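Trainee: Residue numbers (full-length UniProt numbering): 1 to 185.
Beta carbons: idealized from backbone N, C-alpha and C, even for Gly.
Nothing here was measured: the structure is a model prediction, and the numbers come from that model.
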């Protein structure tokens, strides 16, 4: 891969040599300006592309940090709820201890209900299976929706980036053409 600076320098040397040999300063100056314009356009393109890339990265980081901050706040709120639930559970444990005496008295009645409980257990097992299936379906739907959303966001981002780059390039070319026209006038 050739060095662009060396290539440009070689072109400048060729222009100087052409100027001294042909003694036609107008053509040599026009060639020199064309080389400078080409170098300038390439440099502006590189700088614009790097600026857009850096801006995109910063925006992505800001969005990520904002999302993480929201999740942290939600986690803090959930922690507060869990602490409150723990206190409630402690109070319930006290109540349950008091109820143990009553439960012992009800043991005989409960033995009679064991048959019913066994039937209910089978029903609950079937319900749990259904719930597991529904949870799996929800997970699949979420993954599908997330993948679709990622694809749409990437496509939209690429579209916006392409439009922005095209607009910047068009403005740069118009400016360069106007500057060149003004310089030649």
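#1: Using only the alpha-carbon positions, how far apart do residue 83 and residue 91 sit?
#2: Does DSSP classify residue 68 as helix, strand or coil?
#3: Which stretch, first to last residue, makes up the alpha helix (DSSP H) that contains residue 106?
#4: Take every Cβ of the stretch 173–185, pair it with every Cβ of the stretch 51–71, and state whether three or more of those distances are shorter than 8 Å.
#5: My assumption, with CB atoms under 8 Å, is that residue 168 sits in contact with residue 48. Please give the rounded CB distance.
#6: Would you tell me roughly how many angstroms separate the C-alpha atoms of residue 19 and residue 64, rounded to the nearest one?
#7: Give me the residue from 166, 184, 182 with the minimum Cα distance to residue 45.
Mentor: With the structure as the only source:
#1: 13 Å
#2: helix
#3: Per DSSP, residue 106 belongs to no alpha helix (DSSP H) and is neither H nor E.
#4: no
#5: 5 Å
#6: Because the pLDDT at residue 19 is just 48, under 50, the model does not fix this residue reliably, and the value given afterwards should be weighed accordingly. The alpha-carbon atoms of residue 19 and residue 64 are separated by roughly 58 Å.
#7: 166
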